[in-house]
Every structure is written in structure tokens, then in C-alpha cells.
Amino acid sequence: MLRPIANAQRDRYRLDGLWDFTVDVEGVGRSQRWWRTLPDAVEVPVPASYNDLFADPEIRDHVGEVWYQTSVHVPARWSGERIVLRFDAATHRAVVWVGEQQVAEHEGGYTPFEADVTDVVTPGADNRVTVVVDNTLNWASIPPGHVEDTPDGKRQRYHHDFFNYAGLHRPVWLYTTPKAHVDDVTVVTGLNGTTGTVNYEVEARGAEGLTVHAALRDSSGAEVAAGDGASGTLEIVDVHPWRPGEGHLYELGVELRDASGTSVDAYSLNVGVRTVAVDGNRFLINGEPFYFTGFGMHEDHAVRGKGHDDVSMVHDFALLDWIGANSLRTSHYPYAEEVLDYADRHGIVVIDETAAVGLNLGVAGGILGGPPDQRTFSEDTIGNQTQRNHRQAIRELVARDKNHPSVVLWSIANEPESHTEESRKYFQPLFEETRRLDPSRPVGFVNIMLAPPDKCVLTELADVVMLNRYYGWYTHPGDLAAAERGLEAELLEWERRYGKPIVMTEYGADTVAGLHSVTPQPWSEEYQVEFLEMYHRVFDRIESVAGEQVWNFADFATGSGFARVDGNKKGVFTRERRPKAAAFSLRRRWRSEK
Ligand code: GCB
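Structure below.
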């Protein structure tokens, strides 16, 4: 799905700002047709999570629907154009009305959806837009969860370790295209010595009788290659590749032209020419071994929750640069498209993850020990409908992110159950689907410590071994010597059995900023430093380790639990992005040694 752009043929508005907002405590909004008027509305900012805006637990912990409404003036000059309403994200599902008419419905909280509203809006007038957003997680949703009816009301339960922020987290757009328009573009790049190739494929709608022209320009605007036809290969002589640390980009412009050569529609996107491959136990970018350094992150900030904001994004990337990180994982859901654009431009490598987290009843709130009597994969828990939603989430992720050079690896789930026959049955088709959708990138999933090398039945389906390990924290807390032995023995076993690159996608220790200890004790800054240094000694001894991503970049909000003090404290930065001691130690390693 293409992002809205403005050019000679297209226009766009961002509908960000204050919207009217009502929490549907009684669940009566739909029967009372709140798309007409929202009762007792307050104002909320879009984009933002709504949970932490007010000093009100009823809003913060609400389970169910909330309503957003705004009025947008559609310019008279848009009449005759195709007009589209796009939501970059509505967490976790939404229904949208324009005026009285329902125009869209979407499941999944982290991928965009849109509706052609040409015949619904009135150009030259104010038009009412209403959205109902539902934060409920059920067994079929991605991520899954379930709601308990208690004497005190509904309680949302889930098996992942971050707070269930909800709302309109990302920009909302009203944009135009010509009626005959470019609907999708797919780009796959290659390198052959000093020549770069860009395979492109254009899908157009309403474009009978029109031809496609494609041109690549370099950063000075000079045309470096061009071709005609809805698909083709453009060659760049003396190509400047995209590479980690250097986000060199070309601009691909595609045009629909009529018989006289006039441009009817035009779309342009950034293209980085690079290759990705797995060769034995090495992860290759542009044919050269790449070692991931960096973090699993979260979209998480005080007050705005998961709301995207460019200020925080630029600052987070500045800290990644400061510390010497070359990569990140979008743990545990697709991040805002702005983040991937930024990574493209700055040469940051991305492991792109679906929101399939917590598909594991052996875990509760991110910690081992879920309900013992329930099976993860069953008709009553995670079943066929979940798998359908998961497949759809993968499709939407690939459709959204396929053209980003920064994305080098798909992660189709974080820490699912992966040691049972049922898990194999559930996941095999999803691996196949991901490869079918994008044969150009490796595919993996993130393995949990409950499924070591001799038990995991999914790793053989993956191109890369991605591991989250907590030796020295959840096992052997405080005993780094025993942790070091355990970690090394396990990594050697993964290496021996699979011969694939191993990326440690999580390792970390909760750390209270400002807590110090002469002998390194868990929770102290000194322990976090020694813990990470122990892991690094082990990684440096094992040839197949192809990357290290610390858990987590920053402290983040979680659900309540006795092991979480004001959230998860495994950040190398605090939630306000102040460095803990570990930040300086990582900086020394990543900026000088790695
Ligand atoms: C994990 C999860 C992550 C948690 C982390 C922890 O394995 O993937 O979401 O936050 O452990 O800190 O427990």
C-alpha cells in the first residue's frame, strides 16, 4: 500500500490535531449511532495513545471501544479527483464512518488501512469523520489475549510484556490521486559488480490505454536510468549502494502517460540498492558479512504512549548513533512508517517484526509460568482464526514495508511456543506465505528459552536463528559465572545443529538507574554492565553469532506485575532517555571494537 504524497497530480492533508473523544464505558455507542454526535466528548490529540492523557483509571484501563470524531474541510478543487481516507494505524481494530456512511473496517493495530471516499465526501464542505477503536485482545487477535469478566468489571489479560496502549497512534490522511492512478509499486534491487539493478513492478488502476514510464534519479536529481512498461529492470552503472551506516538512496519515479505523452499520474519513492543473503552461518549485506549491533526497542514514551512523534524518533535515532548501534528490531509490532523511512535514509538496519507476540501460554506478562492447564494452540485458544489474522498481518506488513532497503529480515513472531507439533502446524504455512510474498528477504522468528536447540521444531524453517536469552537474569540471577557456562553451551549447540547465523535478539537485565553496588548485584547499574560484558565475551568466542541486540533500548511501560516496578527496567536508557552506565560500556564496544 503506497503512502500518500503530494505532487503535480496528487494532494494530501494530515488530519492530526485535537479530535473529539468519548470512552464507550457502557458499550452503547453503536446502537446509539454515535457517528452522528459523540456525547460528552473531550478533546484528545491524534496521534497518541489515549490511556495516559487523563488522570483517570477508567480511561487508562478501559477495555472495549472508544470513539474519535473530527470535521475536515474537503477543498472544492478536489472535485473530480479520487479521494482517499487513510489511517496509518488504529490499535487494535476500527470502524470508520464519513458522515452517516461506514467506509472502512480493519483488524490489527499496527498496519495502515484506507477507504476510497470519493463518492461519500462533499468537496467544498466540512465532512464529519468518526472512528470507533477497540483495544480488546481476544484469542483470535494479533497479538492475542482474553478478557475476564470479574465482579469489578472487564479485565484484559495478555501474554506479552508491554502495556496495551491503544488509540490512533499514527497520522491520519485525506489524500487525492487521479482516477487513473498508480496503485502499487514493488522494487527488488540487485548488485552485479559496480552495476546496480532495480526490478520494478507497477500496478495501476483505471489506466486502460495509458503506459508506464519509470525513471531513477540520483540525489542531485540527474536521471541515471529509465524504462517503459509496467515492469522492468533498470540498470545503474557505477552504482552507489545502500549500505549499513550509509543510507544512500535513489528516487524512483513512475508515471502513467497518455498517448500524447502527458503525465496522468506520478508516484515516487526512495530506493536503496542493496542485496541481502544468508550464506552458511553468515548474514550478508551486499555480499559482505554483517554483524548486527543495537536493540530491540518499543514505541513507548511518557504520556503519549505509542503515539508516533518525530521529536522522539529523531532523538532515539541520535542515541542509536551515539552508542554505535547499526540496527534495531521492531519488537514487538510494525513501527510507524516514518521510522523505516528514517532508517532508510540513515543506513540503520531493521529486523521487521509482526505483532505476533505472546503466542505462548508458558509465559505470563513476559515471564515464565503461564496457566498450566491450557494449551497454546487449540480451538479454544490460539486456533484457525488466529492463524488467519496472523497471515493477514504478515501480508499487510510485507505490503507496507517491502520497498524499504533498511528492512533485511522478517520476524514473523516473538517467542511463540515452538516445541510442539501444534506449533509446527500453525507456523509452517506462515513461513511459506512470507517467502511467497517476498522471496528477496530471509525469514525468521524469535525463539524463547523454553525451546532449546534439541526441542525447537521451528528453527529449521527459518533462515536465521534469533534467540532471546536471559542467563544471569531469569535463570542464575546474580551468578554470572554459571550464566556464562550455560549461555556458551547452548549457543554452541545451536551452532552445531543448525549452522545458521545466530542473532541474539534479546539479552538484558532490569536495572534501576541510580542504584549502585560495590559487588555487582541484580538491579544495579554495575550488574547490567557486567551482565552485558559477559554475553559479549561469549559472543566473541562463537563464530556463528552474527549479531547482538540488547533488550531494551529504553525502559518501557508494562501491565502490572510483582516483577515490574513502574514498567520494565531493562533499558540501557531510562524511559526519559538518560543513559545508564551500560550505555557507556556498549558505546565503547560498538564504536571501537565492533
Ligand atoms: C522477553 C520478551 C520481551 C520481554 C523480556 C523481559 O523474552 O520478548 O517482550 O520484555 O523478555 O524483559 O522479560
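Each residue of the sequence shown is one higher than the one before, starting from 0 at the first, in numbering that gives the first Met the number 0.
No residue lacks a Cβ here, since even glycine has one placed at the ideal position from N, Cα and C.
7 Å or more divides the Cβ of F426 from the Cβ of V442. If you draw a straight line from the Cα of S591 to the Cα of A7, it is about 47 Å long. CA-to-CA, the gap between D55 and Y49 works out to about 11 Å. The residues E113, D115 and Y174, in chain order, have a CB closer than 6 Å to that of V83 in the same chain once the five nearest residues on each side in sequence are set aside. Restricted to the stretch 323 to 382, the beta strand (DSSP E) segments that are unbroken, complete and at least 3 residues in length are 326 to 328 and 348 to 352, listed in chain order.
Inter-residue distance for R423 and G304 is about 35 Å (C-alpha atoms, whole angstroms). Exclusion of K153 from the 6 Å shell around the ligand GCB follows from its C-beta lying no nearer than that to any non-hydrogen atom of the ligand. In the three-state reduction of the DSSP assignment, P578 falls in the strand class. For K579, the Cβ stays outside the 6 Å cut-off from all heavy atoms of the ligand GCB. A residue is called buried once 16 or more other Cβ atoms fall within 10 Å of its Cβ, and T274 is buried on that count. Taking 7 Å as the cut-off, the Cβ atoms of D133 and R169 do not count as close. Secondary-structure assignment with DSSP links A114 through a beta bridge to L84.
The alpha-carbon separation between A103 and D23 amounts to approximately 20 Å.
Here the alpha carbons of E505 and H297 stand approximately 13 Å from one another. Take the alpha-carbon of P38 and the one of T21: they are about 7 Å apart. Remark: the shortest separation between the CB of K305 and any heavy atom of the ligand GCB does not fall under 6 Å. Look at K568: its beta carbon is at least 6 Å from all of the heavy atoms in the ligand GCB. Per DSSP, the unbroken beta strand (DSSP E) holding D278 starts and ends at V275 to D278. When DSSP states are grouped into helix, strand and coil, D462 belongs to the coil group.
Residue environment: G144 is assigned as buried (16 or more neighbouring CB atoms within 10 Å of its CB, all protein chains considered).
Look at D565: its beta carbon is at least 6 Å from all of the heavy atoms in the ligand GCB.
In the DSSP secondary-structure assignment, G144 is bridged to Y157. Straight-line spacing of the CA atoms in V71 and D15 works out to 11 Å. Between V362 and D51, the beta carbon gap of about 25 Å keeps them out of contact (Cβ cut-off 8 Å). Sorting V270, V181 and S410 by C-alpha distance to the C-alpha of P3 places V181 at the top. With 16 or more other Cβ atoms inside 10 Å of its own Cβ, T188 counts as buried. If you ignore the 5 residues before and after N359, its C-beta comes within less than 7 Å of the C-beta of H158, T375, E414, P415, E416 and I447, all in its own chain and listed in chain order. Here H345 has G246 as same chain residues with Cβ atoms under 6 Å from its own Cβ, once five neighbours each way along the sequence are excluded. Look at M296 here: in three-state DSSP terms it is coil, with no helix or strand label. It is roughly 41 Å from the alpha-carbon of P404 to the alpha-carbon of R154. Across the structure, H535 and L514 are spaced so that their CA atoms are roughly 23 Å apart. In terms of Cα proximity to L457, the closest of T419, V564, P438 and Y341 is T419. Pairwise C-beta distances place the stretch 538 to 545 out of contact with the stretch 578 to 591, as fewer than three of them are shorter than 8 Å.
With fewer than 16 other Cβ atoms inside 10 Å of its own Cβ, P438 counts as exposed. Put simply, the backbone Cα of V407 is about 14 Å away from that of L436. DSSP places M503 inside the beta strand (DSSP E), whose first and last residues are I501 to E505.
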